[in-house]
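Novice: In the working numbering, the protein residues as written are 3 to 616.
For glycine and all other residues, C-beta sits at the position ideal for the given N, C-alpha and C.
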Amino acid sequence: MPNYPDSIQDLEPLSGLYIRKRFLNEVRAFLDQKHPQGWCIVAIDIENFKLFNDWYGQDSGDHLLLKIASYLRNLHREDNYIIGHFSADDFFICMPDDGHKLRHIYATIYHYIDKLEQDDSFLPSIGVYQIEDESLNVSTMCNNAQIASGAVRGKLNHRICRFSQQIMQIAASSVVGKIGNRICYFESGMTKKIELKQCILRDARHGLENHEFIFYLQPKCNMMTGELVSMEALARWQKSDGTFVSPGEFIPLFESSGFITRFDMYIWKSVCKTLAAWQDKGYKLVPISINVSMIDITNIDVPQYLSMLTEQYHISPEYLPVEITESIFAESNTIVKNTITRFHQKGFYVLMDDFGSGYSSLNVLKDANVDYLKLDMKFMQIDAKNKGKGIQILKSIVDMAHRLDLVIIAEGVETKEQSEILKSMNCNYGQGFYFHRPMSVEAAEELIQTIPIENFRAAHEQVSRIRNVREALPSSPEMWKLGDNIFRILLDHMLLLSRFNLITGGMETIKRDSSLAGFGIEYETDYQTYMSRLLDEQLVHPDDADEFRSIMTLDQLRLRMFHEKGSVIYRFRRKFKAGYFWTSLELFPDTECSKENPWVVMVIHKSPSVNPDL
Numbered sequence: 003m004p005n006y007p008d009s010i011q012d013l014e015p016l017s018g019l020y021i022r023k024r025f026l027n028e029v030r031a032f033l034d035q036k037h038p039q040g041w042c043i044v045a046i047d048i049e050n051f052k053l054f055n056d057w058y059g060q061d062s063g064d065h066l067l068l069k070i071a072s073y074l075r076n077l078h079r080e081d082n083y084i085i086g087h088f089s090a091d092d093f094f095i096c097m098p099d100d101g102h103k104l105r106h107i108y109a110t111i112y113h114y115i116d117k118l119e120q121d122d123s124f125l126p127s128i129g130v131y132q133i134e135d136e137s138l139n140v141s142t143m144c145n146n147a148q149i150a151s152g153a154v155r156g157k158l159n160h161r162i163c164r165f166s167q168q169i170m171q172i173a174a175s176s177v178v179g180k181i182g183n184r185i186c187y188f189e190s191g192m193t194k195k196i197e198l199k200q201c202i203l204r205d206a207r208h209g210l211e212n213h214e215f216i217f218y219l220q221p222k223c224n225m226m227t228g229e230l231v232s233m234e235a236l237a238r239w240q241k242s243d244g245t246f247v248s249p250g251e252f253i254p255l256f257e258s259s260g261f262i263t264r265f266d267m268y269i270w271k272s273v274c275k276t277l278a279a280w281q282d283k284g285y286k287l288v289p290i291s292i293n294v295s296m297i298d299i300t301n302i303d304v305p306q307y308l309s310m311l312t313e314q315y316h317i318s319p320e321y322l323p324v325e326i327t328e329s330i331f332a333e334s335n336t337i338v339k340n341t342i343t344r345f346h347q348k349g350f351y352v353l354m355d356d357f358g359s360g361y362s363s364l365n366v367l368k369d370a371n372v373d374y375l376k377l378d379m380k381f382m383q384i385d386a387k388n389k390g391k392g393i394q395i396l397k398s399i400v401d402m403a404h405r406l407d408l409v410i411i412a413e414g415v416e417t418k419e420q421s422e423i424l425k426s427m428n429c430n431y432g433q434g435f436y437f438h439r440p441m442s443v444e445a446a447e448e449l450i451q452t453i454p455i456e457n458f459r460a461a462h463e464q465v466s467r468i469r470n471v472r473e474a475l476p477s478s479p480e481m482w483k484l485g486d487n488i489f490r491i492l493l494d495h496m497l498l499l500s501r502f503n504l505i506t507g508g509m510e511t512i513k514r515d516s517s518l519a520g521f522g523i524e525y526e527t528d529y530q531t532y533m534s535r536l537l538d539e540q541l542v543h544p545d546d547a548d549e550f551r552s553i554m555t556l557d558q559l560r561l562r563m564f565h566e567k568g569s570v571i572y573r574f575r576r577k578f579k580a581g582y583f584w585t586s587l588e589l590f591p592d593t594e595c596s597k598e599n600p601w602v603v604m605v606i607h608k609s610p611s612v613n614p615d616l
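1. Could you tell me which whole alpha helix (DSSP H) segments of length 4 or greater appear in the stretch 370 to 443?
2. Would you report the Cα separation of Gln394 and Ser421, rounded to the nearest angstrom?
3. Counting pairs of beta carbons, one from the stretch 201 to 209 and one from the stretch 220 to 238, are three or more of them closer than 8 Å?
4. Rounded to whole angstroms, what is the Cα-Cα separation between Met427 and Ala412?
5. Our contact map puts Thr527 next to Met509 with C-beta atoms below 8 Å; I'd like the distance itself, whole angstroms only.
6. If you draw a straight line from the alpha carbon of Phe578 to that of Tyr108, how long is it in whole angstroms?
7. Return yes when the Cβ of Met354 is within less than 7 Å of the Cβ of Leu375, no when it is not.
8. Any idea which residues DSSP pairs Leu589 with across the strands?
9. Relative to the C-alpha of Val44, which residue among Arg560, Lys52, Tyr83 is closest?
10. Run through the DSSP bridge pairs and tell me what Phe217 is partnered with.
11. Go through its chain and collect everything with a Cβ distance to Leu424's Cβ below 8 Å, but skip five positions before and after it.
12. Taking Cβ to Cβ, would you say Asp378 is nearer than 7 Å to Asp356?
13. Taking one C-beta from the stretch 241 to 254 and one from the stretch 300 to 312 each time, how about it: are there three or more such pairs within less than 8 Å?
14. Comparing alpha-carbon positions, which option in Trp41, Gln306, Lys380 lies nearest Asp100?
15. Per DSSP, what kind of secondary structure is Met3 in: helix, strand or coil?
16. Which whole-angstrom value describes the C-beta separation of Val288 and Ile450, a residue pair presumed to lie in contact below a C-beta threshold of 8 Å?
17. Identify the residues that DSSP records as bridge partners of Pro126: which are they?
18. Taking Cβ to Cβ, would you say Ser141 is nearer than 7 Å to His87?
19. Just checking, does the stretch 558 to 570 make contact with the stretch 534 to 544 on the three C-beta pairs under 8 Å criterion?
20. By alpha-carbon positions, which one of Lys286, Glu49, Lys36, Arg75 ends up nearest to Tyr112?
21. Starting from His87, trace the alpha helix (DSSP H) in both directions and tell me its first and last residue.
22. Buried or exposed: Thr506, going by 16 or more other Cβ atoms within 10 Å of its Cβ?
23. Would Ile253 and Trp270 qualify as a contact pair, given that the criterion is a beta-carbon distance under 7 Å?
24. Identify, in the order they occur along the chain, each residue of the same chain with its Cβ nearer than 7 Å to the Cβ of Glu251, setting aside the five sequence neighbours on each side.
25. So Leu236 and Pro440 are in contact, right, with Cβ under 8 Å, and what is the actual spacing, rounded?
26. Between the Cα of Thr227 and those of Ala547, Pro454, Val570, spot the shortest distance and give me the residue it belongs to.
27. Output the distance between the C-alpha atoms of Gly434 and Ser500, rounded to the nearest integer angstrom.
28. In three-state DSSP terms, what is Cys144?
29. Is the beta carbon of Ser295 closer than 7 Å to that of Ile342?
30. Relative to the alpha-carbon of His65, which residue among Glu28, Ile46, Tyr114, Ile85 has its alpha-carbon at the smallest distance?
31. When you compare the CB positions of Pro319 and Gly358, do they come within less than 7 Å of one another, or not?
32. Which term fits Pro15, buried or exposed, when burial requires 16 or more other beta carbons within 10 angstroms of its beta carbon?
33. In chain order, what residues of the same chain have a beta carbon less than 6 Å from the beta carbon of Glu588, not counting five sequence neighbours either side?
34. Confirm, please, whether the CB-CB distance from Glu234 to Glu456 is below 7 Å.
35. For Ile317, does the three-state DSSP call read helix, strand or coil?
36. Rounded to whole angstroms, how far is the Cβ of Ile85 from the Cβ of Leu104, which I believe are closer than 8 Å?
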């Protein structure tokens, strides 16, 4: 095996490994001279590496590449492997086909990533091409290894050759996204699958240009009153000949090829156009939720794009809720958490879709700052054998959601019996054939003019308090509706609901009014920082600042809550949009508030102005 040259032109500047041309030449020479048996070409890629740089900085990314490169250079010195670094995070090795060694390479690179950032969103992908025909072009061998590598990546890897980037995601689709199996061998049968799916993708691109893709709308309803609360946009592909292609056929392909982002952007824009048209006609708007995939999140800045769309079409973000499936949270928790925070900062509600479909639902929920839970429709498949157990599981989930101050929506409600079971559990909202089937935009437009629409924000705010009253109310629909209306009135002026820890100052925002979103401070996670920003940014009227500062210190609140066991009710002028409004800030400690139990609830709501000019 040749030694690495001293000439810098043959080495990649950052890593000191062979550039593409020199790697291909060295492998070619080695195969021609040695005629080795049982060797292979290995392609190594870091999943979501661009996003790694975005989140943790270019320096961290370069540091990771240098660690990997140093390890691979050691492999060259110790085992005489030929190592190349083509670009960014793309590394190639010519080495014996040794499964144990391959697993060691994966484990070592994973260790470097985990040591820098403990985040399973960034995993090594390894593709292996077994060298059977030594006369094959080395470049083709590398491409085959990349095809196999694409089978274990969860997103499209943008490369120079368009055909290569498409087949990398489509090949070996049976193992896409699996964390446990990160090594995959190239098989000749993969190519036939690629050719077939390429035809579908060509039709899809043509269909997008010719507006063959549309969306249907399926309502979500208040199960107690029948009022419409929201709708979900469901993509459909109607070809020029009038035939429909099932979403189950084209959505997985779009996701594996990366085309899903372009497709989703088209649907999101179409939904915004529809909302704008309804608004122009003077109709009362109903929120239309849209679906966002992990590939969307990694490929583009989704919160920024949706914010741009709502501004372009003059739509409040609250009318464009975002649905993200539970499985995404489990696969890329850190990335999704950060994305949800940015959705909230820009005024969007977030729904966790298909809750309960995964194996770690409760663990995922612990870290997910979502506004709504959508129960997976499998929970609605209750038969005689599992009815008792299924009902108990449903009841536990609904009760847990209420205790976490989350609105819960049951999917797949198809019968009156299912609806009655859910209502008895205080599950407020349902979606399914029992209420409405998916319908065209035209039919949905007629519907919103004929049935009552429940205020979306009020529905979001009322859940936790309605539950306690409903237990004391008769089960008649009229009384349910009365209870809803009572608490809708009570909560109409609530601006913020948070809790914070008197010892640490850690703060959690539970509910927030969309009118506060523009300032961004309602998402602060530290009480003292939150209060300081209220003062520094003059969101508290300057004339109230000194008194506000003296009352709201943690020391003063500890004295009040720990020793005097009393609540705090304070009125001040808070800035909203162009002016100041009298605002009530109320702090309620737990009945056993102490150093061991230091949690306090904070409620901010509007109050009648003393001075009409303020």
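Specialist: Based on what the coordinates show:
1. 389 to 405, 418 to 426
2. The residue given as residue 394 occupies position 392 in the sequence shown. The residue given as residue 421 occupies position 419 in the sequence shown. In a straight line, the C-alpha of Gln394 is about 15 Å away from that of Ser421.
3. no
4. By one-based count along the sequence shown, residue 427 stands at place 425. By one-based count along the sequence shown, residue 412 stands at place 410. Cα-Cα distance, rounded: 11 Å.
5. Within the sequence shown, the letter at position 525 stands for residue 527. Within the sequence shown, the letter at position 507 stands for residue 509. The pair is a contact, with the Cβ atoms about 6 Å apart (cut-off 8 Å).
6. Locating residue 578 in the sequence shown gives position 576, counting from the first residue. Locating residue 108 in the sequence shown gives position 106, counting from the first residue. Near 54 Å, if we compare the C-alpha coordinates of Tyr108 and Phe578.
7. Within the sequence shown, numbered from 1, the residue matching residue 375 stands at position 373. Within the sequence shown, numbered from 1, the residue matching residue 354 stands at position 352. Yes, Cβ-Cβ distance for Leu375 and Met354 is below 7 Å.
8. Counting from 1 along the sequence shown, the entry for residue 589 is found at position 587. Leu589 pairs with Val570, Met604.
9. The sequence position of residue 44 within the sequence shown is 42, counting from 1. That would be Tyr83, whose Cα lies nearest to the Cα of Val44.
10. Locating residue 217 in the sequence shown gives position 215, counting from the first residue. Ala237, per the DSSP bridge assignment.
11. To locate residue 424, count along the sequence shown from 1; it is residue 422. Within the same chain, Leu424 has close Cβ partners Met225, Leu396, Val400, Ala412, Val415, Gly432.
12. Position 376 of the sequence shown, counted from the start, is the residue given in the question as residue 378. Position 354 of the sequence shown, counted from the start, is the residue given in the question as residue 356. Yes; because the gap between Cβ atoms is below 7 Å, this pair is in contact.
13. no
14. Here the question's residue 100 lines up with position 98 in the sequence shown. The candidate whose alpha carbon is nearest that of Asp100 is Trp41.
15. If you number the sequence shown from 1, residue 3 lands on position 1. Note that Met3 scores a pLDDT of 47, beneath 50, so its modelled location is shaky; the value from the coordinates is reported in the next line. Three-state DSSP puts Met3 in coil, outside helix and strand.
16. Reading the sequence shown from its first residue, position 286 is the one you call residue 288. Reading the sequence shown from its first residue, position 448 is the one you call residue 450. Sure, about 5 Å apart at Cβ, within 8 Å.
17. By one-based count along the sequence shown, residue 126 stands at place 124. Answer is Ile48, bridged to Pro126.
18. Position 139 of the sequence shown, counted from the start, is the residue given in the question as residue 141. Position 85 of the sequence shown, counted from the start, is the residue given in the question as residue 87. With respect to the 7 Å criterion, Ser141 and His87 are not classified as neighbours on the basis of their beta carbons.
19. no
20. Working through the sequence shown from its first residue, we reach residue 112 at position 110. Nearest to Tyr112 by alpha-carbon distance, out of Lys286, Glu49, Lys36, Arg75, is Glu49.
21. Taking the sequence shown and counting its residues from 1, one reaches residue 87 at position 85. Here His87 belongs to no alpha helix (DSSP H); instead the beta strand (DSSP E) covers 84 to 89.
22. Locating residue 506 in the sequence shown gives position 504, counting from the first residue. Answer is exposed; the Cβ neighbour count stays below 16.
23. Along the sequence shown, read from residue 1 onward, the residue named residue 253 stands at position 251. Along the sequence shown, read from residue 1 onward, the residue named residue 270 stands at position 268. Not closer than 7 Å, so no.
24. In the sequence shown, counting from the first residue as 1, residue 251 sits at position 249. None.
25. Within the sequence shown, numbered from 1, the residue matching residue 236 stands at position 234. Within the sequence shown, numbered from 1, the residue matching residue 440 stands at position 438. Contact between Leu236 and Pro440 holds: CB atoms are separated by about 5 Å, below the 8 Å threshold.
26. As a working mapping, residue 227 is identified with position 225 in the sequence shown. Looking at the Cα atoms, Pro454 is the closest of the given residues.
27. On the sequence shown, residue 434 is found 432 positions in, with the first residue counted as 1. On the sequence shown, residue 500 is found 498 positions in, with the first residue counted as 1. In this structure, the alpha-carbon of Gly434 lies about 33 Å from that of Ser500.
28. Counted from its first residue, the sequence shown places residue 144 at position 142. Looking at Cys144 - three-state DSSP - the assignment turns out to be helix.
29. Indexing the sequence shown from 1 puts residue 342 at position 340. Indexing the sequence shown from 1 puts residue 295 at position 293. Going by C-beta atoms, Ile342 is not nearer than 7 Å to Ser295.
30. In the sequence shown, the residue the question calls residue 65 occupies position 63. Selected option, being the one with the closest Cα: Tyr114.
31. In the sequence shown, residue 319 corresponds to position 317, counting from 1. In the sequence shown, residue 358 corresponds to position 356, counting from 1. No.
32. What you label residue 15 is simply residue 13 of the sequence shown in a count that begins at 1. When all chains shown are included, Pro15 counts as exposed.
33. Walking along the sequence shown from the start, residue 588 turns up at place 586. So the list reads Ile571, Val605, once near-sequence residues are dropped.
34. Counting from 1 along the sequence shown, the entry for residue 456 is found at position 454. Counting from 1 along the sequence shown, the entry for residue 234 is found at position 232. It is not a contact, given that the beta carbons lie outside the stated cut-off.
35. Stepping through the sequence shown from its first residue, residue 317 is reached at position 315. Reduced to three states, the DSSP call for Ile317 is coil.
36. On the sequence shown, position 83 is the one that residue 85 refers to. On the sequence shown, position 102 is the one that residue 104 refers to. About 14 Å separates the two Cβ atoms, so there is no contact after all.
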